[in-house]
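Read in order, the letters of the sequence shown correspond to residues 26 to 543 in the numbering used here.
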Amino acid sequence: MSLRRVRVRFAPSPTGPLHMGGVRTALYSYLFAKKHGGDFLLRIEDTDQTRFVPGAEQYIIDSLKWCGIAPNEGVGFGDGPHAPYRQSERKPMYRQYAEQLVRDGYAYLAFDTAEEMDALRKVAEANKQTFAYDSSSRLHLRNSLTMTQEAVEAAIAAGENYVIRLKVPRDEEIRFTDLIRGEVKFNSNVVDDKVLLKGDGMPTYHLAHIVDDYLMEITHAIRGEEWLPSAPGHILTYRYLGWEDQMPAYAHLPLLLKPDGNGKLSKRDGDRLGFPVFPMDWSDPSSGELSSGYKERGYLPEAFVNMLAFLGWNPGTEQEIFSLEELAAAFHIEQVQHAGAKFDPEKAKWFNEQHLRQLDAGIIAHSLRAQVAEQFGLSADDAKLSDAYLTKAVELLKPRVQFENEMPRVGSYLFEAPKEFDQAVIDKKWKPDYIPFFEALKDTFAAASAQDEASIKLQFEETCAAHHLKPGEVLQLLRIFVSGQSGGVDLFGMLALLGASECANRLTAAMEHAVKKA
Ligand code: GLU
């Protein structure tokens, strides 16, 4: 690694909501920058105005914030020394570099019209070929390589539209070292003469990102695999601009694949299989179509980034649960796999479950209060909304759910008495002989002064003994009578939280309701 300060950019185009693959690119860039004590910056690549989507830039900013991977420089995060960070605002900076390349013989002006290009494409298609503007075709086309100097000047004077294209040499080997893939080689004959500057004076991505990476002193460019075929053109552009020794190290990330491994993960897979592919909800400004996000589904941001980090990378140890700081410390870009990474929606939920368990119960309780109050119609001063009660409820429920927002539903019996009982299990387990036992237990609970878990357990055991019952015979019935359900949170923890007198009330109601049916 060079001695330059590490500077890594995330450079999305605001063409829609950021896909989770894009968030992973941002995450790896962030982790790499943090690991090396460097800078992480956000540059908005909006040179293709035809694909601009209103709201997309803000969505990108909000998503990075939610994930906790905020850049320390760039659009939406406080401008740094290289402002502006939006390419459309940098437009006047690019032309000089395209012109420098033309002057030095590494680029040329192409006057071919859109119609002419279309016609060439159609002819190629008819011959089952693809048209490429490259070293094999450019000498048959209308450009400054085939026209005289006077003809070029006349065309410009007449206001003819032209683009500037990179002049890729013939039969050259272009190599570079990718941080993930090692040495990569291309023959220049497969590289086309990319447009660098468009007719309207706007640069293309191919020129703009190079100029910006150079001016912004970027040392590492981490991006999706779809850019690998363009990389040789980018290497040449650096070389021809005389910046090769400043070229950032490139890392091309593997694709995210569908759960079955067949092809790229798309929004449609998410819709079909019921998982989000976006970090946050997104409503398409033109169609109004809604796409759901991890945030609104109830994922914790730390679980989402942990899961994403493992889509294509792992530390080579057993540990899977990492905080963001731990990820930054453990991350090595060289360990990123070459092959596509299969997305597993169940594993995503598992990551959430693990992070949820590590989260402080008091914090979860605080964030659940409003949901619980609303769902069960509790008034603000209800004891069940107290910090102590909610925190204990969360502690009981934590091992039983994958998402915080499932807690009120899964543990509804902690907030209201059951209205229904698992009758099938009651029918199987119930014996009329148990009536005196439950009556006695109810009375014991009703009269209990101590309400803690140990006392309640002792009262239960003593009542069992007095009725010559083994606890195992009546435990599940007791659970159903109090909670309605045959499974759930730790039984004595639940009884203690509800309190002995509430348990007594519920036993009375249950005996009337459920046992009569049995
Ligand atoms: N604007 C490009 C994109 O959104 C960025 C590629 C890069 O990081 O160089 O894919």
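Quick reminder that beta carbons are idealized off the backbone N, C-alpha and C, glycines included.
What are the boundary residues of the alpha helix (DSSP H) that residue 394 is part of?
Note, residue 394: alpha helix (DSSP H), 386-401.
Proximal residues to residue 522 (C-beta, below 6 angstroms), its chain only, five neighbours per side dropped
The residues are 417.
Excluding the 5 residues preceding and the 5 following residue 26 in the sequence, name in chain order all residues of the same chain whose CB lies nearer than 7 angstroms to its CB.
Note that residue 26 scores 48 on pLDDT, short of 50, meaning its location in the model is unreliable and no value can be drawn from it.
N- and C-terminal bounds of the alpha helix (DSSP H) containing residue 454:
Here the alpha helix (DSSP H) through residue 454 covers 448-454.
Alpha-carbon spacing of residue 243 relative to residue 104, whole angstroms:
For residue 243 and residue 104, the distance between alpha carbons rounds to 16 angstroms.
Would you identify the three-state DSSP class for residue 65, choosing helix, strand or coil?
Correct three-state label for residue 65: strand.
Cβ shell of residue 215 (< 7 angstroms), same chain only, five flanking positions each side left out:
No residues qualify anywhere along the chain.
Count the other CB atoms within 10 Å of the CB of residue 43; is the residue buried (16 or more) or exposed (fewer)?
Buried is the label assigned to residue 43, since at least 16 other Cβ atoms lie within 10 Å of its Cβ.
Provide the residue(s) that pair with residue 210 in DSSP beta bridges, ordered along the chain.
In DSSP, residue 210 forms a bridge with 200.
Assigned exposure category for residue 380 - 16 Cβ within 10 Å defines buried
Counting of Cβ neighbours within 10 angstroms places residue 380 among the buried residues, the total reaching 16 or more.
Any non-hydrogen atom of ligand 1 within 7 angstroms of residue 257 CB:
Result no, Cβ not under 7 angstroms from ligand 1.
Please list the segments of the alpha helix (DSSP H) lying wholly inside the stretch 233-290, counting only runs of 4 or more residues, in order along the chain.
For secondary structure counted as the alpha helix (DSSP H) over 4 or more consecutive residues, the stretch 233-290 holds these complete runs in sequence order: 256-266.
Rounded to whole angstroms, how far is the Cβ of residue 222 from the Cβ of residue 125, which I believe are closer than 8 angstroms?
With a Cβ gap of about 11 angstroms, residue 222 and residue 125 do not count as contacting.
Expressed to the nearest angstrom, what Euclidean distance is found between the alpha-carbon atoms of residue 460 and residue 445?
Their Cα atoms are separated by approximately 20 angstroms.
Taking C-alpha atoms, which residue in 335, 427 and 511 lies nearest to residue 323?
Put simply, of 335, 427 and 511 the residue whose alpha carbon is nearest the alpha carbon of residue 323 is 427.
I'd like the list of long-range same chain contacts for residue 35, defined as Cβ closer than 6 angstroms, with 5 residues on each side in sequence excluded.
Correct list, in chain order: 51, 54 and 67.
Is residue 106 near residue 115, with beta carbons less than 8 angstroms apart?
For residue 106 and residue 115, no; Cβs fall outside 8 angstroms.
In whole angstroms, give me the CA-to-CA distance for residue 156 and residue 140.
Residue 156 and residue 140: Cα-Cα distance of roughly 14 angstroms.
Measure from the C-beta of residue 536 to each C-beta in chain B and report whether the shortest distance is under 8 angstroms.
Here there is only one protein chain, and chain B is not present.
Heavy atom of ligand 1 within 7 angstroms of residue 70 beta-carbon
Correct: residue 70 has its Cβ closer than 7 angstroms to ligand 1.
Selected residue, minimal CA-CA separation from residue 501, among 494, 493, 495 and 511
Closest option to residue 501, Cα to Cα, is 511.
Count the other CB atoms within 10 Å of the CB of residue 320; is the residue buried (16 or more) or exposed (fewer)?
Result: buried.
Tell me which residue opens and which closes the alpha helix (DSSP H) that residue 438 is part of.
Segment: none, residue 438 is in no alpha helix (DSSP H) and carries neither H nor E.
Compare the beta carbon distance of residue 337 and residue 361 with 8 angstroms and say whether it is the shorter of the two.
In terms of Cβ geometry, residue 337 and residue 361 form a close pair [threshold 8 angstroms].
Throw me the rounded Cβ distance for the residue 438 and residue 509 pair, which I believe falls under 8 angstroms.
With 8 angstroms as the limit, residue 438 and residue 509 qualify as a contact, their Cβ atoms being about 6 angstroms apart.
Just mark residue 389 as buried or exposed, buried being the case when its beta carbon has 16 or more other beta carbons within 10 Å.
Residue 389 is buried by the Cβ-count criterion.
Just curious, the alpha helix (DSSP H) that residue 481 is in, first and last residue?
Unbroken alpha helix (DSSP H) run through residue 481: 478-491.
Using only the alpha-carbon positions, how far apart do residue 172 and residue 240 sit?
Going from the Cα of residue 172 to the Cα of residue 240 covers about 34 angstroms.
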